[in-house]
Amino acid sequence: MNLVIVESPAKAKTIKKFLGNDFEVESSYGHITDLAKKDMGIDMKTLEPIYQVSSDKKEVVKKLKSLAKKADTVWLASDEDREGEAIAWHLFNELQLKSENTKRIVFHEITKNAIQKAIQNPRNIDINLVNAQQARRVLDRLVGFEMSPILWSKIKAGLSAGRVQSVAVRLICEREKEIEKFIPVPTYKVEADFYNKSHNLLKSKLNTDFQDYSKALDFIQRAQGKTFTISNVETRPSKRSPSAPFTTSTLQQEAAKLGFSVSRTMMLAQQLYESGYITYMRTDSVNLSEEALNSAKDVIIGQYGKEYLNTRQYTTKNKSAQEAHEAIRPTNLSVQEAGADDSQKKLYHLIWRRTLASQMADAKLERTIVDISNPELKEKFVTKGEVIVFDGFLKVYQIQKEEDSADEDNNEGLLPVVEKGEEVQLSQIIGEEKFSRPAARYNEASLVRKLEELGIGRPSTYAPTISTIQKRQYVEIRDLDPKQREVKKILLKDDTIKESVEIENYGADRRKLMPTDIGLVVNEFLTEHFPTILDYGFTAKVEEDFDNIAGGNENWKEMLTGFYDDFHPHVEEVKETAERATGERLLGQDPISGKNIYARIGRFGPMIQMGETEDEEKPKFAGLMKGQHINSITLEEALKLFELPKYLGDYEDKKVEVNTGRFGPYVKHNSKFFSLKPKEGDEISTITLERAIELIEAKREADRNKFIKAFESEDPIIEILNGRWGPYIKQGKENYKIPKDTEADKLTLEDVKKLISESGSKTKPKSKTKSKKK
8 MNLVIVESPA KAKTIKKFLG NDFEVESSYG HITDLAKKDM GIDMKTLEPI YQVSSDKKEV
68 VKKLKSLAKK ADTVWLASDE DREGEAIAWH LFNELQLKSE NTKRIVFHEI TKNAIQKAIQ
128 NPRNIDINLV NAQQARRVLD RLVGFEMSPI LWSKIKAGLS AGRVQSVAVR LICEREKEIE
188 KFIPVPTYKV EADFYNKSHN LLKSKLNTDF QDYSKALDFI QRAQGKTFTI SNVETRPSKR
248 SPSAPFTTST LQQEAAKLGF SVSRTMMLAQ QLYESGYITY MRTDSVNLSE EALNSAKDVI
308 IGQYGKEYLN TRQYTTKNKS AQEAHEAIRP TNLSVQEAGA DDSQKKLYHL IWRRTLASQM
368 ADAKLERTIV DISNPELKEK FVTKGEVIVF DGFLKVYQIQ KEEDSADEDN NEGLLPVVEK
428 GEEVQLSQII GEEKFSRPAA RYNEASLVRK LEELGIGRPS TYAPTISTIQ KRQYVEIRDL
488 DPKQREVKKI LLKDDTIKES VEIENYGADR RKLMPTDIGL VVNEFLTEHF PTILDYGFTA
548 KVEEDFDNIA GGNENWKEML TGFYDDFHPH VEEVKETAER ATGERLLGQD PISGKNIYAR
608 IGRFGPMIQM GETEDEEKPK FAGLMKGQHI NSITLEEALK LFELPKYLGD YEDKKVEVNT
668 GRFGPYVKHN SKFFSLKPKE GDEISTITLE RAIELIEAKR EADRNKFIKA FESEDPIIEI
728 LNGRWGPYIK QGKENYKIPK DTEADKLTLE DVKKLISESG SKTKPKSKTK SKKK
């Protein structure tokens with residue numbers, strides 16, 4: 008019997024189809040071991056990791072060990088990256104396998120040919136890859152376990168620091184500070200509409216911008232009453248080339264245009280990989296195999312014709328990329344649609360198009376530039392047009408409907424036929440004030456691009472890093488409403504100049520990564536006290552060290568020792584010398600008491616403080632409301648928080664109050680809490696007793712509809728309730744499923760107890776999750 012061990016059940020299921028009956032395929036469910044929780048899980052004398060079998064993997068290990076003893080050959084088929092190699096190594100050790108009957112196999116894709124080829128070409132476990140993974144794991148544990156307690160004592164309990172996550176937070180904080188400091192600079196841009204003799208519209212832009220209003224007005228006044236002609240027509244060929252096939256980061260960036268988060272993209276890609284539809288999804292290579300190139304050639308010639316073919320092999324710019332690996336591509340390019348649901352199908356089609364387009368001919372374009380001028384004016388208007396002569400790779404993108412990347416969507420359209428010397432009729436000239444913009448805030452995709460550009464992290468770390476900094480509440484995805492400002496406009500039409508001032512919206516943002524108050528304070532503290540760890544160059548250098556270890560060019564223990572010998576003494580110094588950080592900001596004085604009002608971080612998060620900590624009379628405290636931040640809250644807003652809780656009146660002989668807490672604003676009545684609904688216009692400052700009663704009664708009605716029956720004689724009480732996914736049983740903190748087609752209201756106590764005893768699964772929401780390495 009042959010035993011094949013992979014990471015996930017989904018992968019096991021797909022591989023099983025390609026192997027004979029003498030092969031058993033089992034899953035390790037990711038990593039079976041982790042660093043021990045006691046004493047950091049590291050021998051501090053040698054920096055050797057101390058591993059233990061994860062508590063939730065003991066049964067898995069027991070089963071695999073039993074199967075391995077019966078197997079003639081054990082095939083370790085975990086993923087081909089460093090994490091996969093480490094999983095194989097831990098399996099070899101924990102299952103007490105023997106070298107003579109254990110083989111390591113890897114494959115870029117889960118297809119019959121790839122699996123059979125891997126079986127025919129086994130290798131040994133690559134200890135260099137294992138050591139690179141161990142070095143990363145140990146170094147990150149050292150950084151996290153030594154720096155995090157400092158944050159607990161100097162800022163707030165429960166905080167954490169991480170080598171890559173802290174640098175990612177720094178990028179977002181610095182961008183936010185850059186935006187806050189940015190001062191918009193106005194310029195005046197001038198555009199004009201002309202008509203040629205055939206009455207075709209020519210939209211044009213002046214070839215210069217003006218720095219102040221008077222100069223823009225002066226130009227338009229000089230242009231008033233002038234006759235304009237076509238002074239030059241230049242046509243030249245141009246081309247667009249397709250982008251390289253996807254790497255992990257470029258896939259994450261393009262998938263963002265489908266509305267997918269980085270973690271969702273990786274989950275979907277893993278599902279497609281495990282189903283055998285695409286190659287391995289964690290890669291920084293843009294290479295395609297000869298087999299893939301030939302397959303693309305056949306599909307392109309068959310579907311579009313030989314003139315659309317241009318076979319290319321792209322070169323990876325990243326010097327650490329493993330060229331032996333492949334880009335992300337379909338395993339079968341003749342299949343245009345694949346996936347179990349709409350999301351998988353969308354991502355698959357994105358990968359299919361990108362791969363096929365990368366092997367297609369350039370699009371051939373004709374670019375025309377028309378100058379429109381008057382001999383009395385030194386400035387000139389310019390009109391540009393671009394037409395596709397041969398669509399090439401754009402064919403696969405339905406030409407103009409869907410473009411391959413941001414810089415491929417600038418088709419300026421077909422220009423009407425014009426001749427040099429031809430007189431054109433001026434319709435209007437518009438001069439408009441435009442303001443310079445700050446650098447854009449990061450979204451998940453652009454943060455991945457920046458991390459890759461700086462050499463921080465690797466394909467396997469981008470998604471976990473972005474997920475972690477949000478889970479730690481250092482960063483959040485937020486929308487910003489637009490602000491308003493005045494803009495000056497000048498219009499020349501019908502030989503009359505009209506000046507006006509209009510209102511424009513600006514500064515709106517959607518789904519951008521922004522630092523929280525805690526994130527800003529933690530970043531400022533770490534940047535001040537651990538400048539090396541937070542340094543972009545240092546973080547990139549550490550990644551290079553891991554790459555060198557993986558390549559067998561650096562000793563992992565020496566690398567760790569060199570790091571820790573500098574790092575640990577600095578940690579001890581910071582413990583002793585660093586002052587507590589609160590991000591404190593003086594807002595002003597309370598007009599009644601004259602006491603200072605501060606915004607700062609407290610033990611439970613952002614808050615407002617009235618009075619001094621050292622005063623005999625204790626200060627008053629108030630929590631911030633959702634959407635308020637210590638770096639932007641005003642004195643007026645802070646004073647309103649001290650009015651809370653606010654008494655609204657009585658209902659059913661009980662007080663009704665409005666207040667705010669960790670989960671937002673709420674109404675309190677008879678020791679029960681009822682959330683306000685901001686989307687329906689509820690605000691703490693304006694809510695009335697009548698509206699509060701509406702919220703109370705609406706919640707009571709919802710609770711009545713939720714309740715089916717209860718068995719109050721039991722301890723804890725057993726309830727049958729209506730939930731989002733149908734009726735369920737609740738006892739204490741545990742929830743249990745009720746089978747479909749069961750009449751929940753007719754269940755007896757005996758029925759319910761039987762269901763509880765038989766139920767191994769709780770009714771917590773099920774999400775489709777990838778099999779992940781733990």
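Numbering-wise, the working numbering puts 619 at position 612 of the sequence shown, and it's gapless, one number per residue.
All residues carry an ideal CB built from backbone N, CA and C; glycine is no exception.
Note that the structure is a prediction, hence the values are computed from the model and not measured.
Remark: C-beta atoms of Leu-71 and Leu-83 do not approach each other more closely than 8 Å. Scanning its chain for C-beta atoms nearer than 8 Å, with the 5 sequence neighbours on each side dropped, one finds around Leu-683 the residues Val-665, Gly-671, Pro-672, Tyr-673, Val-674, Asp-689, Glu-690, Ile-691, Ile-694 and Leu-702, in chain order. At the C-beta level, Leu-520 and Ile-179 come within 8 Å of one another. Selection Ile-504, Lys-496, Val-581 and Val-549 evaluated against His-536 yields Val-581 as nearest (Cα-Cα). According to the DSSP assignment, His-676 belongs to the beta strand (DSSP E) that extends over 671-676. When the Cα atoms are used, Asp-378 and Leu-265 turn out to be separated by approximately 39 Å. In the structure shown, Glu-426 adopts coil according to DSSP, grouped into three states.
Counting only residues of its own chain and dropping the five nearest sequence neighbours on each side, Leu-421 has a CB closer than 8 Å to the CB of Gly-392 and Val-394. Look at Trp-359 here: in three-state DSSP terms it is helix.
In this chain, the alpha helix (DSSP H) harbouring Ser-302 covers 297-310. With respect to Ile-599, Ala-606 sits apart: the two C-beta atoms are not nearer than 8 Å. Of all C-beta pairs linking the region 351-366 to the region 397-406, three or more are shorter than 8 Å, placing the two stretches in contact.
Taking a cut-off of 8 Å for Cβ pairs, the region 532-549 and the region 140-156 touch, as three or more such pairs fall below it. If you draw a straight line from the Cα of Val-508 to the Cα of Arg-492, it comes to about 10 Å. Counting only runs that start and end inside the region 40-105, the beta strand (DSSP E) elements of at least 3 residues fall at 40-42, 58-60 and 80-83.
Partner residues in the beta bridge of Lys-210, as assigned by DSSP, are Asp-200.
Between the C-alpha atoms of Ala-78 and Asn-108 there is a straight-line separation of about 9 Å. Using a Cβ distance threshold of 8 Å, Ile-700 and Tyr-658 count as a contacting pair.
For the pair Tyr-195 and Glu-440, the CB atoms are nearer than the 8 Å cut-off. If you draw a 10 Å sphere on the C-beta of Ser-85, you find 16 or more other C-beta atoms in it, and that means buried.
Inside the region 590-675, DSSP marks whole beta strand (DSSP E) runs of 3 or more residues at positions 592-596, 603-609, 612-617, 627-630, 653-658 and 661-668, from first to last along the chain. The C-beta distance from Ser-302 to Leu-275 rounds to 23 Å, too long to fall under 8 Å, and the pair is not in contact. With a threshold of 16 other beta carbon atoms within 10 Å, His-206 falls short and is exposed. Within a 10 Å sphere around the beta-carbon of Gln-260 sit 16 or more other beta-carbons, which makes this residue buried.
Here Ala-334 really is in contact with Thr-290; their C-beta atoms are around 6 Å apart, less than 8 Å. In this structure, DSSP gives Val-396 an extended state, which the three-state scheme calls strand. The C-beta of Gln-351 has 16 or more other C-beta atoms within 10 Å across all chains shown, which makes the residue buried. Rounded to the nearest angstrom, the gap between the Cα atoms of Asp-488 and Glu-187 is 16 Å. In this structure, Tyr-58 and Ala-75 do not form a Cβ contact; the two beta carbons are roughly 18 Å apart against a cut-off of 8 Å.
Apart from sequence neighbours up to five positions away, the residues of its chain that approach Pro-734 with a beta-carbon distance below 8 Å are Ile-715, Ile-727, Leu-728, Ile-745, Thr-749 and Ala-751, ordered along the chain. Put simply, the region 308-324 does not touch the region 378-388. Fewer than three CB pairs are less than 8 Å apart. Apart from sequence neighbours up to five positions away, the residues of its chain that approach Ala-717 with a beta-carbon distance below 8 Å are Ile-724, Ile-725, Glu-726 and Ile-727, ordered along the chain. The Cβ neighbour count for Pro-191, taken over all protein chains shown within 10 Å, is under 16; the residue is labelled exposed. Across the structure, Leu-372 and Ser-453 are spaced so that their CA atoms are roughly 29 Å apart. Lys-737 is the residue among Lys-737, Thr-475 and Ser-766 whose C-alpha sits nearest the C-alpha of Glu-721. Per DSSP, Val-11 is one residue of the beta strand (DSSP E) stretching across 9-13.
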